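Notes for the one structure printed next.
Number of protein chains: 2
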Amino acid sequence: MEPYAARIKDVLERRAKAGRFAPGVAAYSDSDMFKKSPSPDLPKAKRWDDHFTEECKGRKQCVLKQAAKHLNTPGLISLGGGLPSPSYFPFSSLSLSVPTPPDFSSSATAGSSPLRTITIGKNDIAEGKGEYDLAVALNYGQVTGSAQMLRFVTEITEILFAPPYADWGCAQTTGSTGVLETAARMFTERARGDKVLMEEYTYSTAQETMEALGIEVVGVRMDGQGMVPGDLRGTLEGWDVGARGRKPHVLYTVPTGQNPTGATLTPERRREIYDICEEHDIFIIEDDPYYLLQMAPYPPASSPPPAETSSLPSYLSSLPGTFLGIDTSGRVLRLDSFSKVLAPGSRMGWVTASAQVIDRFLRHGESSQGPSGFSQAALHTLLDRTWGHEGFLAWLANLGGEYTGRRNVLLGACGEFLPGVATWDAPSAGMFLWIKLDHTKHPRLADGILAIEDEIFHSCIARGVLVARGSWFRAASDGSEPQALFFRATYAMAGADAIREATRRFGAAVRESFGIKEE
Amino acid sequence: MEPYAARIKDVLERRAKAGRFAPGVAAYSDSDMFKKSPSPDLPKAKRWDDHFTEECKGRKQCVLKQAAKHLNTPGLISLGGGLPSPSYFPFSSLSLSVPTPPDFSSSATAGSSPLRTITIGKNDIAEGKGEYDLAVALNYGQVTGSAQMLRFVTEITEILFAPPYADWGCAQTTGSTGVLETAARMFTERARGDKVLMEEYTYSTAQETMEALGIEVVGVRMDGQGMVPGDLRGTLEGWDVGARGRKPHVLYTVPTGQNPTGATLTPERRREIYDICEEHDIFIIEDDPYYLLQMAPYPPASSPPPAETSSLPSYLSSLPGTFLGIDTSGRVLRLDSFSKVLAPGSRMGWVTASAQVIDRFLRHGESSQGPSGFSQAALHTLLDRTWGHEGFLAWLANLGGEYTGRRNVLLGACGEFLPGVATWDAPSAGMFLWIKLDHTKHPRLADGILAIEDEIFHSCIARGVLVARGSWFRAASDGSEPQALFFRATYAMAGADAIREATRRFGAAVRESFGIKEE
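Sequence lines, in order, name chains A and B.
What the first sequence shows, in the UniProt record's numbering, is residues 1 to 519, in sequence order.
What the second sequence shows, in the UniProt record's numbering, is residues 1 to 519, in sequence order.
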């Protein structure tokens, strides 16, 4: 709790000193406007020119956005930009009905407790009612989104991750999946024979993004604690350029509550992997959407299990740390997202990296025009105007408690309904359980793992349960067969009764396929 | 009016027959679900395989989204997808304060007339209160956005454009600028030496997008009515493959109220250009964000000028037609946007093209995850639940009246304050006035057009007016000097008094540079 509380205090003091902050339409902003001034003993980030692609290096700034710098001239009237007048936006105000701390119980979220109505108007800035309004949010903006929301995410980054180098910064995004494509195009190109290192089972869209661009994916072995550093080292040290082409210079990793395995790197592993990347000059793309979704230990320490809601101190002490938090070289592009902790439909997130990498990232994004103004208006009104930084963290703590309850139901159901060929590790973060089935016990082993997986998957559908096939997540551009049999289950969506029933059905499908009699 | 009214009636009858339409989270949808069944005599679109890039042809469907098809199985419980539970979205309802027809006067939009509060709740579908809700809008969705909003834009496309071939369809976008990059990657690649034909002055971001991808831009001459068909024909017929490389196979055009020239193609020119594209097998990217922003003729027919609000019949009769509306081969990818007619911050628009092109477009978009759910919820609640199709068209008619008033102020001020070296055509659509200065009359002509432009631009800034430099918009990858001197002014943002004062300042800067004495 301690460092977080001190950093929140810092942020609030800086805000108080800075006074009212209400920049107008398409105002320029960067994280340096909001960060704590870096202490002089912090290192500066390395330069990544030799990692960037030709496309990345050639990206120019949008000529029309450069002209926007003149808009700060006092008394200037603009006939320059193609911005519509906010007087013609048919939205005078936007209101949301939301829960407020400390009443973050699930009944409040579901709407049965009293909620608070919060509102952002079209002209709140001019009318002195707020620091952001619809006239600004709903007009064109900068690629990095509004200055108002960039301030909030920069502050949250400082509070939660405290990057240990001087020239870091943030940029808002329209969600992390889109960032993957941008990052791929910044760092890898087919013509150079580039490859990307990934966990051997990982987010399938990350692989699909790379493969669509002609970039080969190289899987690194995992165990219950995620990527195995020794295998990463072995892959890099034993790399045969003659046989395999250019050595990889980019690592893509989902370090916390990983999709699909649910694994979370220990601080020791994270440090070891970072050091290997330093040694081999690997740039790290840290895709960490589940980081803020932390759960209590399993099995529960006390019986009956702890209350559904987690306290803020225990939540904060459960945060396992990040690559960004140990990144003294500025070699990490970290991806954060509001999708898993507020709502995926916000299509809002942010990246954190060195100033050079952020600058290049924004040039790639010139055509995206930043996140939706409705999303920014909604999230700013909730997070900045209503909850505040500590309120947001309290929300996350409560959410972690809710997920703990759901996860415990699924783990309990697996213990009850799955036969002995099934094994799993209890996840401490995220929304996924990775279930291994011992294929060596399967009567039709000779048909191959994919055939068995296919049979069980369709048997599950026929019994009324959808689970995700392990092979969907396998990072292997070489087309080789998987060596083990996995299914991924999530406890994020279904209610407790449905989770138990679904697990029972899955167990029945597994038993039938393996020829295991009901006990 | 007539064809539009009949098509609206068709749409409403189809809706009544279909009954309640309230699909759930991430439901699959396509325009065929909402279109009028095509009559059997309509042609089918051509196939564009030989126009697509390798990347485009290689794009696969997202494996996780393919699994979503099983979600329709009755009684199925999903532990498969990584969708968070809507019970944890901290938004129970979203309300907007909006004007409603027929009270679309500027005072209503500005908030001084009574407005209506419209609301979308989290569980409106389950509670029978609506066909869309926050539980669906704020969760993950399909690339094409929600089925509910796809229905609305498909219907508007049918009502306004009535594509004359059978297998057209729409997909939602996060705004047209992002689409440009996708379209560029679908149709052009550096390795093939591809080039794109464009108006010789055009949207600078379109050029920047192409150049960032290593695609050469080939300008086609324009006059007051837009692209000159004869120059397009001459460019294509005289193309020397030996000297210039591969002949262009893509035309990018902004046909209505063009940015920056304000020009609108006549129906005859549009037809002529389409026929040239048929002959030379050119695929057309029709970027038409100003189409719905139509203004009354200038000078005003009556004195005093007509009332600010336009009638719906006169608005509809002013619509000049589109490439999509004459596209019998399915060779048009049309881009529409809500940015200019509702709010740019919505980051919402849609494309219309043949089923094959839409399919490829969606595969490129797998990583975008579609438009913001807040934007979709807001626009659906306004457009579908409140205004309806005819209400939306009435809003557009009113908006055209408002822009007519502003444009007339700017044109009046130009007549009053600009010296005789300045000439212009009155735009009938969009938000831009393109002002030509006769550089041959300039005392320092020998310095070159760019130097004169630079001098006037900075003199304008010093006098307190921002205008856009013509050279910013020039489509010429060859780096040649422009042959004429232009500035672009917009009447979209500033009020009447500010427009007059800004024009006076611009006129003073021009006079000084040209050495013209005040009259």
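Positions of the beta carbon are idealized from the N, C-alpha and C atoms, including for glycine.
Keep in mind the model is a prediction, meaning the values are calculated, not measured.
Which two residues bound the contiguous alpha helix (DSSP H) that contains residue i?
| i | result |
| --- | --- |
| M210/B | S204 to A212 |
| residue 523/A | Residue numbering for chain A in the displayed model covers 1 to 519; residue 523/A lies beyond these limits and cannot be assessed. |
| V510/A | A496 to F514 |
| F161/B | Taken as a continuous stretch (DSSP letters only), F161/B belongs to no alpha helix (DSSP H), as it is neither H nor E. |
| Q66/A | V63 to A67 |
| E55/B | E54 to G58 |
| S314/B | L312 to S318 |
| R244/A | V241 to R244 |
| A135/A | L134 to A137 |
Consult DSSP for residue i and reduce its assignment to one of helix, strand or coil.
| i | result |
| --- | --- |
| D124/B | coil |
| M149/B | helix |
| G219/A | strand |
| I282/B | coil |
| A108/B | Only weak support is given to the placement of A108/B: the predicted model assigns it a pLDDT of 49, under 50, and the value that follows is read from those uncertain coordinates. A108/B falls in the helix class under three-state DSSP. |
| Q142/A | coil |
| D384/B | helix |
| R474/B | strand |
| E518/B | coil |
| E308/B | Below a pLDDT of 50, predicted positions are generally treated as unreliable, and E308/B, at 44, falls in that range; no measurement from the model is reported. |
| R233/A | helix |
| V182/A | The residue asked about is misnamed: residue 182/A is Thr in this sequence, not Val. Reduced to three states, the DSSP call for T182/A is helix. |
| F21/B | coil |
| S87/B | helix |
| A301/A | coil |
| G345/A | helix |
With distances taken from CA atoms, which of the options is nearest residue i?
| i | options | result |
| --- | --- | --- |
| A137/A | F392/B, R347/B, E518/B and A498/B | R347/B |
| residue 522/B | V341/B, P260/B, Y403/B and W168/B | For chain B, the structure presents residues 1 to 519; residue 522/B sits outside this window and is missing. |
| R185/A | A301/A, E455/A and G365/A | G365/A |
| V409/A | A27/A, T490/A and K44/A | T490/A |
| K46/A | E278/A, F432/A, D497/A and V143/A | E278/A |
| A191/B | S317/B, T154/B, G175/B and G245/B | G245/B |
| residue 530/A | A394/A, L485/A, G388/A and T209/A | Because chain A spans 1 through 519 in this model, residue 530/A falls outside it and cannot be assessed. |
| K517/A | A498/A, G405/A and V421/A | V421/A |
| K17/A | A6/A, K36/A, R270/A and A475/A | K36/A |
| C56/B | P371/B, A5/B, T328/B and R363/B | R363/B |
Per DSSP, what are the beta-bridge partners of residue i in this structure?
| i | result |
| --- | --- |
| S375/A | Note: S375/A sits in no beta bridge, so no partner. |
| W350/B | Q172/B and D336/B |
| L94/A | I120/A and L96/B |
| S329/B | Answer is none; S329/B lacks a bridge partner. |
| I77/B | V465/A |
| G226/A | D223/A |
| R7/A | R7/A is not bridged to any residue. |
| A422/B | L437/B |
| A429/A | Q294/A |
| D287/B | L335/B |
Taking the beta strand (DSSP E) that residue i belongs to, which residues open and close that run?
| i | result |
| --- | --- |
| I435/B | F432 to L437 |
| A489/A | L485 to T490 |
| Y252/B | V250 to T253 |
| I366/B | Looking at the sequence shown, residue 366/B is not Ile but Glu. E366/B -> no beta strand (DSSP E), and no H or E assigned at all. |
| K195/A | K195 to E199 |
With a threshold of 16 other CB atoms inside 10 Å of the CB of residue i, please say whether the residue is buried or exposed.
| i | result |
| --- | --- |
| P482/A | buried |
| L251/B | buried |
| D478/A | exposed |
| Q142/A | buried |
| A397/B | buried |
| Q61/B | exposed |
| E199/A | buried |
| H458/A | exposed |
| R444/B | exposed |
| Q294/B | buried |
| S39/A | exposed |
For the ligand SAH, any of its heavy atoms closer than 6 Å to the Cβ of residue i?
| i | result |
| --- | --- |
| G464/B | As far as ligands go, the structure on display features none, and thus does not contain the ligand SAH. |
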